[in-house]
Amino acid sequence: MIKDIYASITRPREIAAMLSFRKNSREIKLYKESLDELASQLSDRDFCYAALNKVSRSFAVVIQQLPEQLKDAVCLFYLILRALDTLEDDMRFTDDEKLPLLRRFHELIGDETWHKEGIGDTADYRDLLKHYPKVARAYNQLGKEYKQVIKDITQRMGQGMADFATRKVNSLEDYDEYCHYVAGLVGHGLSGLFSASGFESEQLKDQLQISNSMGLFLQKTNIIRDYHEDLYLGRSFWPSEVWKQYADHFDYFANAPTNPESLACLNHLVANALNHIPDCIQYMRLLQNKQVFRFCAIPQVMAMATLAEVYNNPKVFTGVVKIRKGLAARLMLHTQNMDEVIKSFRKFLRIIENKMNSNDPHTPEMQMQLKYIYQLLDKPELSADQSRVLSSQASQDSVKKMVEQEV
Ligand code: CA
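Taking the working numbering, the leading residue of the sequence shown gets 24, the next gets one more, and so forth.
Given below as structure tokens:
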């Protein structure tokens, strides 16, 4: 905390936001004990929230924005996908065992006897799988509509993960497809849960293209930001179709972080991520419930801030680039409605504009792209009906293609 206050020392409003945020987040229980110890002490439901807190602090914070009737479903959706992801990520677990399990995990999500020991990259992940029956029991308590959405998405994600276990992200199409499986499907599932809850319209769940983009915008931001960490872990999600235009080897960028080619490659991928903004804005404009809106919008604004930070920033190649905690706290407090979201997007797009380098071959194209996004942000809010018509026109083809690939 003290370190974070120093980072914001010239920005008193960030310090105020951090303190206020700290006060408000006290209701989220933090346990010192390990999940393994907590498993015998806590009810199934409390264990699930404790697990959520341990495996994703930031998600545990935004989930507090949701209405009570939706919180458990979203919490379990997250934990079940986290369990699936834990199976996917453990590199010591052989493909012979792993792939069939990824493909049939959806059949096990409500199985109160299924569990796995010794799998997972961190103690928390291992404990989640070890005590999975607590998650399964909590899942079984959910309403039928919620369970259906969770099961369907788990099945599709498991298939996609198993397919990509033996496939690399080469083309931009692969990149979009991989991101669809690991994040776009989360967008689909959340829209499904929101519709099922009745807090959002029945039609939201059919907004596949823009729901997918909500996930892709977040996922691509993480993939860009995590270059160095992923390189260190011996994996890469940057599409080779892009990076091979700038270097022969993926680790070139880490060795030449300030070279123009390295930065041009980074900026190329940032421009690619910005393409999702129109869909994301349209999606957020469709939301009717303020709590659901904040839950969805906060991560989007954080991603936008992160993209502004990573754009043209050589530090991406040599370490972890993150937004200041104070800025994150301020953004959380000031993401209450669409006007505030637009204000934040505009602010971060300006930061990117100011960092643009005239030697970068993509700069002119990106200037056009930003001009288009600004125009879109200026547009008065579309009514839900208008948006539906627009999106069904724009999205039918690409969604149809993805659905066809899956079934
Ligand atoms: Ca993974």
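Backbone N, C-alpha and C fix where the C-beta goes; we use that ideal spot for every residue, glycine too.
Count the other CB atoms within 10 Å of the CB of Arg-317; is the residue buried (16 or more) or exposed (fewer)? Arg-317 comes out buried.
Less than 8 Å separating the beta-carbons of Ala-287 and His-385? Here Ala-287 is near His-385, since their CB atoms are less than 8 Å apart.
Take every Cβ of the segment 188 to 204, pair it with every Cβ of the segment 262 to 280, and state whether three or more of those distances are shorter than 8 Å. When Cβ pairs closer than 8 Å are counted between the two stretches, the segment 188 to 204 is seen to touch the segment 262 to 280, the count reaching three or more.
Could you tell me how far apart the beta carbons of Gly-349 and Asp-27 are, in whole angstroms, since I believe they sit closer than 8 Å? Contact flag correct, Cβ pair sits at about 6 Å.
Contact test: Glu-252 Cβ vs ligand 2 heavy atom, cutoff 7 Å: Summarising the ligand content, the structure contains ligand 1 and does not contain ligand 2.
Have a look at Ala-270, Leu-354, Gln-230 and Glu-376 and flag the residue whose alpha-carbon is nearest the alpha-carbon of Ala-294. Closest option to Ala-294, judged by alpha-carbon separation, among Ala-270, Leu-354, Gln-230 and Glu-376: Glu-376.
Would you say the beta carbon of Glu-363 is closer than 7 Å to some non-hydrogen atom of ligand 1? Checking the Cβ of Glu-363 against ligand 1 gives no.
Could you tell me the alpha carbon to alpha carbon distance between Gln-311 and Ile-176, rounded to whole angstroms? If you take the alpha carbons of Gln-311 and Ile-176, they lie about 24 Å apart.
Taking only runs that begin and end inside the segment 230 to 258, name each unbroken alpha helix (DSSP H) of 4 or more residues, in chain order. As far as the segment 230 to 258 is concerned, its whole alpha helix (DSSP H) runs of at least 4 residues are 231 to 248 and 250 to 255.
Counting beta carbon pairs with one atom in the segment 241 to 256 and one in the segment 321 to 341, are three or more of them shorter than 8 Å? The segment 321 to 341, when compared against the segment 241 to 256, does touch it at the 8 Å Cβ threshold.
Selected residue, minimal CA-CA separation from Ala-320, among Leu-393, Gln-268, Thr-358 and Pro-337: Closest by alpha carbon: Thr-358.
Whose C-alpha, out of Asn-298, Ser-81 and Ala-188, is nearest the C-alpha of Ala-351? Closest option to Ala-351, Cα to Cα, is Ser-81.
Close Cβ partners of Ser-410 (< 8 Å) along its chain, the five nearest in sequence each way excluded: Interpretation of Ser-410 is limited by its pLDDT of 48, a score under 50 that renders its predicted location unreliable; no figure is taken from the coordinates.
Count the other C-beta atoms from every protein chain shown that fall within 10 angstroms of the C-beta of Gln-232, then say buried if there are 16 or more, exposed otherwise. By the 10 Å Cβ count, Gln-232 comes out buried.
May I have the straight-line CA-CA distance separating Tyr-169 from Leu-216, to the nearest angstrom? Using only the alpha carbons, I get a separation of about 6 Å.
Alpha helix (DSSP H) segments (min. 4 residues) lying fully within the segment 318 to 383: For the segment 318 to 383, the full-length alpha helix (DSSP H) segments reaching 4 residues or more read 348 to 356 and 361 to 378 along the chain.
For my contact list, Leu-393 and Phe-368 are in at a C-beta cut-off of 8 Å; report their separation, rounded to the angstrom. 11 Å between Cβ atoms; not a contact.
Residues in its own chain within less than 7 Å of Ala-277 by CB, not counting five upstream and five downstream? Taking C-beta separations shorter than 7 Å and ignoring five residues to either side along the sequence, the partners of Ala-277 in its chain run His-251, Leu-254, Phe-340 and Thr-341, following chain order.
For Lys-153, three-class secondary structure by DSSP: The three-state secondary structure of Lys-153, taken from DSSP, is helix.
When the Cα atoms are used, what is the spatial distance from Leu-107 to Cys-202? Each residue's alpha carbon lies about 15 Å from the other.
At the level of alpha carbons, what is the spacing between Gly-141 and Phe-116? Straight-line Cα distance between these residues: approximately 10 Å.
So is the beta-carbon of Glu-111 under 7 Å away from any non-hydrogen atom of ligand 1? Correct: Glu-111 has its Cβ closer than 7 Å to ligand 1.
Boundaries (first-last residue) of the alpha helix (DSSP H) holding Trp-261: Counting along the chain, Trp-261 falls outside any alpha helix (DSSP H), and DSSP gives it neither H nor E.
Could you please give the first and the last residue of the uninterrupted alpha helix (DSSP H) stretch that includes Lys-167? Element bounds for Lys-167: 167 to 188.
Quick check on the burial criterion: 16 or more other C-beta atoms within 10 angstroms. Buried or exposed for Arg-373? Only exposed fits Arg-373, as fewer than 16 other CB atoms lie within 10 angstroms of its CB.
Cβ-Cβ separation, Ile-346 to Met-379 (assumed contact under 8 Å), whole Å: Contact between Met-379 and Ile-346 fails: their C-beta atoms lie close to 20 Å from each other, not under 8 Å.
What do you reckon, are the CB atoms on Asp-119 and Leu-58 nearer than 8 Å? A distance of 8 Å or more separates the beta carbons of Asp-119 and Leu-58.
Using 10 angstroms around the beta-carbon of Glu-225, count the other beta-carbons present and answer buried if the total reaches 16, otherwise exposed. By the neighbour-count criterion, in which a residue is buried when 16 or more other Cβ atoms sit within 10 angstroms of its Cβ, Glu-225 is exposed.
DSSP-derived helix/strand/coil call for Tyr-269: The answer is coil: DSSP assigns Tyr-269 none of H, G, I, E or B.
Is DSSP giving Tyr-54 helix, strand or coil here? Here Tyr-54 sits in coil by DSSP.
Would DSSP call Gln-398 helix, strand or coil? Helix.
Taking the C-alpha atoms as reference points, what is the distance between Ser-285 and Asn-335? For Ser-285 and Asn-335, the gap between their C-alpha atoms comes out near 9 Å.
Let me make sure I understand the geometry here. Which of Leu-53, Ser-63 and Asp-67 has the alpha-carbon closest to that of Asn-76? Ranking the options by Cα distance to Asn-76, first place goes to Leu-53.
In this structure, does DSSP put Ala-453 in helix, strand or coil? An answer regarding residue 453 cannot be provided, because it is not within the stretch 24 to 430 covered by the chain.
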